[in-house]
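Once you know that position 60 of the sequence shown is 60 in the working numbering, the rest is easy, because the numbers rise by one and skip nothing. Don't be surprised by glycine CBs; every beta carbon is placed ideally from N, CA and C.
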Amino acid sequence: MEHFGVVQSYQQVHAMYSKPPTGEAPKGSVQVITSHGRLPLRFRFAGERHYISVGLPDRPEGRKLAEMKARKIELDMISGNFDQTLAKYKPQSSLKVASPDITPKATPRLSELW
1 MEHFGVVQSY
11 QQVHAMYSKP
21 PTGEAPKGSV
31 QVITSHGRLP
41 LRFRFAGERH
51 YISVGLPDRP
61 EGRKLAEMKA
71 RKIELDMISG
81 NFDQTLAKYK
91 PQSSLKVASP
101 DITPKATPRL
111 SELW
């Protein structure tokens, strides 16, 4: 096929637009998927499948941020810096835990209650 002076074979064009035959992502890749209007990430690491909610809506700006997070995880896997607890990749708001106020209260005296 010739287009604007560039000659490409059928195999080159087919390779650019086709997915792996099994539908699976290439090894070491992180996929942004759509689930209930949100954009979780899906990937395998050390033989285990992982899903991470990044807390982003399925909109163009959310998709761009999710793709950036996916590339960061891929880079960490390649460089040996992958956080197996996944805490590094989750939104900070999902990591906060409400801690109850456990400071002891002064017990009122009977004379203060009457």
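Applying the 10 Å Cβ sphere with the 16-neighbour rule, what's the burial state of residue i?
i	result
Y89	buried
K27	exposed
I78	exposed
K69	buried
L41	buried
R109	exposed
My guess is that residue i and residue j are in contact by the Cβ rule of under 8 Å, so how many angstroms apart are they, rounded?
i	j	result
F43	V30	4 Å
What's the gap between the Cα of residue i and the Cα of residue j?
i	j	result
L65	L39	10 Å
A87	T34	21 Å
A46	T85	13 Å
P60	V32	12 Å
I73	H36	23 Å
H50	D58	19 Å
G62	I52	14 Å
D76	E67	14 Å
Q92	S111	48 Å
G80	T107	54 Å
I71	E48	Residue identity check: residue 71 is Arg in the sequence provided, not Ile. Going from the Cα of R71 to the Cα of E48 covers about 19 Å.
Grab the span of the alpha helix (DSSP H) containing residue i for me, first residue to last.
i	result
H65	Note on residue identity: the sequence assigns Leu, not His, to residue 65. Unbroken alpha helix (DSSP H) run through L65: 60-79.
L110	110-113
Hey, could you find the ends of the beta strand (DSSP E) residue i is sitting in?
i	result
L41	41-45
Y89	Segment: none, Y89 is in no beta strand (DSSP E) and carries neither H nor E.
I52	48-52
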